[in-house]
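Under the numbering used here, the first residue of the sequence shown is numbered 8, with each subsequent residue one higher. Okay, structure first, notes after.
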Amino acid sequence: MMVRINDILDAINIYLPEADTGLVEKAYVFSAKMHAGQKRLSGEPYLSHPLAVSYILAELKLDLASIAAGLLHDAVEDTLATTEELAEMFGKDVAFIVDGVTKLSKLQFQSSLYKQAENIRKMILAMSKDIRVLLIKLADRLHNMRTLEFQKEIKQKAIAAETLDIYAPLASRLGIDWIKQELEDLSFKYLYADDYADLKARVEERLGQRKAYVEEVKDMIARRMAEYAFSCRVLGRPKHLYSIYRKMNTRNLPLEQIYDLMAFRIILKSTKECYEALGIVHSLWKPVPGRFKDYISLPKANMYQSLHTTLIGPDGERMEVQIRTDEMDQVAREGIAAHWLYKEGRILTKESTKSFEWLNQLAEWQRELQDPREFLESVKMDLFPNEIWVLTPAGEVKEFPRGATLIDFAYAIHTEVGHHCSGAKLNGRLVQLNHEMQTGDVVEITTSPRHVPSRDWLKFAKTGKAIARIRQWIKTEERSKSMALGKELCEKEFKRHRIDFNEALKNKGAEMTQWFSFKHPDDLLLSVGYGKISQVQLVKRYMKEVLKVKGEAEFWEDVVKAKPNEKEGMITINGLDNIMTHISRCCNPVPGDDVIGYITRGRGITIHRTTCSNVKNIDPERKVEIDWGTGEGYIYPVKIETLAIDKKGILAEVSNVISSTETNISDARVKIRPDGIAVLTFIVDVTGTEHLRRVISGIRRCDGVTQVRRVVSKIS
Ligand code: MN
């Protein structure tokens with residue numbers, strides 16, 4: 008039976024009798040126009056779907072904006088309507104909700120949901136932003152499940168599995184029990200058709216046989232309650248099939264041993280009566296020990312309240328009895344809706360929201376808002392301020408801390424994907440690796456075997472995993488470079504003495520390693536590479552201990568020479584001290600400059616400015632990244648060229664300014680060009696780029712000076 012707009016308006020009239028339903032009627036007209044000509048798989052006009060969804064929302068007693076949004080929920084995705092158009096016609100609120108539902112429907116999850124179901128549920132919650140978006144999504148799914156028979160079997164199974172893993176638990180969290188049960192039973196029917204049909208028939212048969220029994224129990228309860236002058240309603244309902252099926256599976260029991268196919272419910276006026284009624288039923292039938300649960304004093308996270316007990320019934324069979332007030336019953340049936348969506352004039356207590364663990368933040372806003380409707384309209388959920396969820400192209404959901412970037416995503420896929428990632432697409436668009444991801448983004452990483460991690464990545468990696476893996480890669484890389492350097496230094500030094508180092512290492516490696524208290528020959532090579540011990544020291548020891556050569560004096564000089572000098576020793580290479588380093592003479596870097604290290608053959612590492620032309624074309628294998636250490640107090644020579652109008656005493660004047668910045672001038676020359684411009688060249692000793700800047704800006708202020716520049720050239 009197709010729902011008509013009047014059915015919806017009638018349903019609204021029950022709980023909002025005074026309301027002006029103009030917005031809903033207008034949404035209906037617009038939706039009918041936009042979906043005109045479209046058909047569902049059932050052959051019905053497409054409009055039947057938004058109508059059915061809106062009717063469910065009216066059953067949930069939602070506000071008019073939600074019901075209008077329900078009518079329009081597929082308009083942006085499936086028709087030519089735009090969000091802007093909806094905002095103009097129906098207001099921002101309705102447009103925002105429809106936009107949220109549209110975004111949710113674009114999510115594509117992969118089929119093996121079970122493992123990541125919790126992540127997907129959180130992602131949906133985070134994306135909903137407004138609780139009404141989620142409620143519409145649930146109503147949408149419910150109607151799609153009710154009409155699932157028109158889909159192909161493979162789709163039926165996929166949709167049913169997703170419903171069971173994702174949407175039924177979401178309905179449960181919102182406390183809307185009837186939606187949860189219906190979604191579960193419908194999923195059950197399509198996922199396990201044979202089991203479903205079999206169980207349904209058997210349960211119906213048993214319940215048929217037990218009809219008289221059910222009436223007897225209800226009657227006994229009602230009569231006893233009347234004796235105590237309690238006005239109550241007693242209901243006897245079969246439990247929903249999926250809950251029976253689940254129980255049979257988890258406890259591995261046949262249907263014959265599932266006794267509580269029925270749940271009896273006693274609905275009273277007050278909490279006090281509930282506890283008294285519990286005593287009364289316990290006096291009627293014997294309770295099963297350990298089966299009593301007091302959800303009144305300890306409500307479930309979804310605000311469900313009730314007393315549960317299991318009794319041995321008149322026929323010796325177990326039966327479950329639930330005892331609750333009218334209000335609790337309403338919450339049990341309608342969940343969050345019962346509490347927040349229509350209780351005119353009621354003030355939400357802090358306690359009632361406290362139990363919604365995952366909606367905790369809502370309590371904050373609630374304190375300032377008295378009217379639940381106002382509350383509903385202003386609630387924009389940010390349930391997970393510190394987490395985001397993004398999708399792989401295959402629909403797998405990954406969780407990240409807020410602020411995480413694409414490099415984190417790459418490492419979350421696989422370490423190798425991280426190490427070799429060369430670029431990324433976000434929602435199909437090429438973006439930089441440092442781009443921050445948002446919940447719902449679809450991310451695709453491209454890799455190339457030639458791409459390797461860069462130190463820069465550490466600046467925008469946010470996850471521990473990415474940071475650790477990048478650091479580890481850099482460290483391993485440095486280690487292998489330093490080891491290669493150590494080996495090279497040793498080979499060269501040993502060769503000078505006509506010894507084959509590799510032979511020596513092969514035969515006496517263990518011994519050599521022990522001389523310096525290392526555990527492994529690699530550590531020895533590494534130490535030479537780092538400049539902690541020198542290759543000269545090693546060859547000397549080798550000649551003395553292994554070749555028994557006497558006369559140490561011969562080597563003494565070399566040892567001194569090979570020791571890194573004080574000034575250069577302060578440089579750290581990626582945090583490792585004591586590497587044998589030299590400041591290159593071609594570009595004369597000073598602390599503060601961007602620099603790069605070059606592994607030379609036999610002279611340790613030379614430090615160049617990254618802009619130096621000499622390092623532009625060197626073998627990338629021989630490059631290492633360099634950090635300046637805390638080498639303050641050391642001085643570095645820099646050549647500065649100054650152009651000035653030739654006038655008497657210009658050299659003295661400029662020299663004077665330089666000296667006033669407490670800078671030593673180690674060389675000063677002046678040359679007059681034919682055009683009358685004086686070219687002054689200084690070599691000054693500075694401690695770093697900051698110092699150099701002071702010198703240069705001082706010179707610039709001199710009268711007659713037209714140009715000052717640092718010269719990148721060899722200082723002899
Ligand atoms: Mn829909």
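Beta carbons: idealized from backbone N, C-alpha and C, even for Gly.
(1) Closest by CA to His315, which one among Gly297, Asp322, Arg592, Pro321?
(2) For Phe157, count neighbouring Cβ atoms within 10 angstroms of its own Cβ and tell me buried if that reaches 16, exposed if not.
(3) Between the Cα of Ile477 and those of Tyr418, Phe271, Ile612, Ala431, spot the shortest distance and give me the residue it belongs to.
(4) Check whether the Cβ of His247 lies closer than 7 Å to any heavy atom of the ligand MN, and answer yes or no.
(5) For Glu500, collect the residues of the same chain with a Cβ closer than 7 Å to its Cβ; drop the 5 residues on either side in sequence, then sort them by chain order.
(6) Would you say Gly611 and Ser667 are within 8 Å of each other, going by their C-beta atoms?
(7) Between Asp529 and Tyr605, what straight-line distance do the alpha-carbon atoms span, to the nearest angstrom?
(8) CA-CA distance, Phe271 and Lys225?
(9) What residue from Glu283, Arg244, Thr649, Ile251 has the CA that sits closest to Tyr235's CA?
(10) Excluding five sequence neighbours on each side, which residues of the same chain lie with their C-beta closer than 6 Å to the C-beta of Trp635?
(11) So, under 8 Å CB-CB, Leu93 and Ser38 are touching, yes? Tell me the CB distance rounded to an integer number of Å.
(12) How many Å lie between Asn572 and His589 at the Cα?
(13) How should Gln216 be labelled, buried or exposed, when 16 other C-beta atoms within 10 angstroms of its C-beta is the threshold for buried?
(14) Does the distance from the C-beta atom of His615 to that of Val631 stay below 8 Å?
(15) Comparing the CB of Asp81 with every heavy atom of the ligand MN, is any distance shorter than 7 Å?
(16) Going by DSSP in three states, Asp692 sits in which element: helix, strand or coil?
(17) Looking at the unbroken beta strand (DSSP E) that takes in His677, where does it start and where does it end?
(18) Assuming Glu191 contacts Phe116 (C-beta within less than 8 Å), just tell me the rounded distance between them.
(19) Does the beta-carbon of His458 have 16 or more other beta-carbons within 10 angstroms, so that it is buried, or is it exposed?
(20) Using CA coordinates, which residue listed in Leu142, Thr422, Glu451 is at the minimum distance from Ile183?
(21) So, for Gln188: in the same chain, excluding its five sequence neighbours on each side, which residues have a beta-carbon less than 8 Å away from its beta-carbon?
(22) So is the beta-carbon of Asp147 under 7 Å away from any non-hydrogen atom of the ligand MN?
(23) Suppose contacts are defined by Cβ-Cβ distances below 8 Å. Is Met444 in contact with Phe416 by that definition?
(24) I'd like the span of the alpha helix (DSSP H) that includes Trp522, first residue to last.
(25) Exposed or buried, which one is Arg708 when buried takes at least 16 other CB atoms within 10 Å?
(26) Taking the Cβ atom as the reference point for each residue, do Ala133 and Thr446 lie within a distance shorter than 8 Å?
(27) Taking Cβ positions, are Cys239 and Ile274 nearer each other than 8 Å?
(28) In the DSSP output, what is Val712 paired with across the bridge?
(29) Taking 7 Å as the cut-off, is the C-beta of Val36 nearer than that to any heavy atom in the ligand MN?
(30) DSSP three-state label for Thr613, please.
(31) May I ask whether a heavy atom of the ligand MN can be found less than 7 Å away from the beta carbon of Val101?
(32) Helix, strand or coil for Trp396 per DSSP?
(33) Would you identify the three-state DSSP class for Ile540, choosing helix, strand or coil?
(34) Keeping to the same chain, check which residues put their C-beta closer than 6 Å to that of Ala72; ignore five residues upstream and five downstream.
(35) Should Val10 be counted as a contact of the ligand MN given a C-beta to heavy atom distance under 7 Å?
(36) Looking at Ile15 and Leu58, is the spacing between their C-beta atoms short of 8 Å?
The short version:
(1) Within the sequence shown, the letter at position 308 stands for residue 315. The candidate whose alpha carbon is nearest that of His315 is Gly297.
(2) Counting from one through the sequence shown, the residue named residue 157 turns up at place 150. Phe157 is exposed by the Cβ-count criterion.
(3) The residue given as residue 477 occupies position 470 in the sequence shown. Nearest option by C-alpha distance: Tyr418.
(4) Position 240 of the sequence shown, counting from 1, holds the residue named residue 247. No, the beta carbon of His247 sits no closer than 7 Å to any heavy atom of the ligand MN.
(5) On the sequence shown, position 493 is the one that residue 500 refers to. Once the five neighbours on either side are set aside, the close Cβ partners of Glu500 are Gln542, Val543, Val546.
(6) Position 604 of the sequence shown, counting from 1, holds the residue named residue 611. Position 660 of the sequence shown, counting from 1, holds the residue named residue 667. Cβ distance not < 8 Å, so Gly611 and Ser667 don't count as in contact.
(7) In the sequence shown, the residue the question calls residue 529 occupies position 522. In the sequence shown, the residue the question calls residue 605 occupies position 598. Rounded to whole angstroms, Asp529 and Tyr605 show a C-alpha spacing of 21 Å.
(8) Taking the first residue of the sequence shown as 1, we reach residue 271 at position 264. Taking the first residue of the sequence shown as 1, we reach residue 225 at position 218. Spanning the two alpha carbons is a distance of roughly 8 Å.
(9) Within the sequence shown, numbered from 1, the residue matching residue 235 stands at position 228. Relative to Tyr235, the option among Glu283, Arg244, Thr649, Ile251 whose CA is nearest is Glu283.
(10) Stepping through the sequence shown from its first residue, residue 635 is reached at position 628. Pro598.
(11) Indexing the sequence shown from 1 puts residue 93 at position 86. Indexing the sequence shown from 1 puts residue 38 at position 31. Between the beta-carbon of Leu93 and that of Ser38 there is about 10 Å, and that puts the pair past the 8 Å contact cut.
(12) What you label residue 572 is simply residue 565 of the sequence shown in a count that begins at 1. What you label residue 589 is simply residue 582 of the sequence shown in a count that begins at 1. Model confidence at Asn572 stands at a pLDDT of 38, short of 50, so the residue's coordinates are unreliable and nothing is read from them.
(13) Against the sequence shown, residue 216 aligns to sequence position 209. Flag for Gln216 reads exposed.
(14) For the purposes of this step, residue 615 is taken as the residue at position 608 of the sequence shown. For the purposes of this step, residue 631 is taken as the residue at position 624 of the sequence shown. Between His615 and Val631, the C-beta gap is not smaller than 8 Å, which leaves the two residues out of contact.
(15) Indexing the sequence shown from 1 puts residue 81 at position 74. Here the distance from the Cβ of Asp81 to the nearest heavy atom of the ligand MN is below 7 Å.
(16) Position 685 of the sequence shown, counted from the start, is the residue given in the question as residue 692. The answer is strand: DSSP assigns Asp692 an E or B state.
(17) As a first step, residue 677 is located in the sequence shown; it is residue number 670 there, counting from the start. Note that residue 677 corresponds to Val in the displayed sequence, not to His. For Val677, the enclosing beta strand (DSSP E) covers residues 671–679.
(18) Looking up residue 191 in the sequence shown gives position 184. Looking up residue 116 in the sequence shown gives position 109. So it is not a contact: roughly 19 Å between Cβ atoms.
(19) Numbered from its first residue, the sequence shown carries residue 458 at position 451. The residue is exposed, with fewer than 16 neighbouring Cβ atoms inside 10 Å.
(20) Numbered from its first residue, the sequence shown carries residue 183 at position 176. Residue nearest to Ile183 within the set Leu142, Thr422, Glu451 is Leu142 (criterion: CA-CA distance).
(21) Taking the sequence shown and counting its residues from 1, the one referred to as residue 188 is at position 181. Closer than 8 Å at Cβ, skipping near neighbours: His247, Tyr249, Ser250.
(22) Here residue 147 refers to the residue found at position 140 of the sequence shown. Within 7 Å of the C-beta of Asp147 there is at least one heavy atom belonging to the ligand MN.
(23) By 1-based counting over the sequence shown, the position of residue 444 is 437. By 1-based counting over the sequence shown, the position of residue 416 is 409. A contact, by the Cβ cut-off of 8 Å.
(24) Position 515 of the sequence shown, counted from the first residue, corresponds to residue 522. Here the alpha helix (DSSP H) through Trp522 covers 508–522.
(25) Here residue 708 refers to the residue found at position 701 when the sequence shown is read from its first residue. With fewer than 16 Cβ atoms within 10 Å of its Cβ, Arg708 is classed as exposed.
(26) Counting from one through the sequence shown, the residue named residue 133 turns up at place 126. Counting from one through the sequence shown, the residue named residue 446 turns up at place 439. Yes. Within cutoff.
(27) Taking the first residue of the sequence shown as position 1, residue 239 is located at position 232. Taking the first residue of the sequence shown as position 1, residue 274 is located at position 267. Yes; because the gap between Cβ atoms is below 8 Å, this pair is in contact.
(28) Numbered from 1 along the sequence shown, position 705 holds the residue referred to as residue 712. Bridge partners of Val712: Ala651.
(29) On the sequence shown, position 29 is the one that residue 36 refers to. Val36 Cβ: outside cutoff for every heavy atom of the ligand MN.
(30) Residue 613 sits at position 606 when you count from the first residue of the sequence shown. Of the three classes helix, strand and coil, the one that applies to Thr613 here is strand, per DSSP.
(31) Position 94 of the sequence shown, counting from 1, holds the residue named residue 101. Answer for Val101: no, Cβ out of range of the ligand MN.
(32) Counting from one through the sequence shown, the residue named residue 396 turns up at place 389. Secondary structure at Trp396: strand, using DSSP grouped into helix, strand and coil.
(33) Within the sequence shown, the letter at position 533 stands for residue 540. DSSP places Ile540 in the coil class of the three-state scheme, outside both helix and strand.
(34) Within the sequence shown, the letter at position 65 stands for residue 72. Closer than 6 Å at the Cβ level, and outside the excluded window around Ala72, lie Asp100, Val101.
(35) Counting from 1 along the sequence shown, the entry for residue 10 is found at position 3. Short note on Val10: C-beta not closer than 7 Å to any heavy atom of the ligand MN.
(36) Position 51 of the sequence shown, counted from the start, is the residue given in the question as residue 58. Position 8 of the sequence shown, counted from the start, is the residue given in the question as residue 15. Less than 8 Å divides the Cβ of Leu58 from the Cβ of Ile15.
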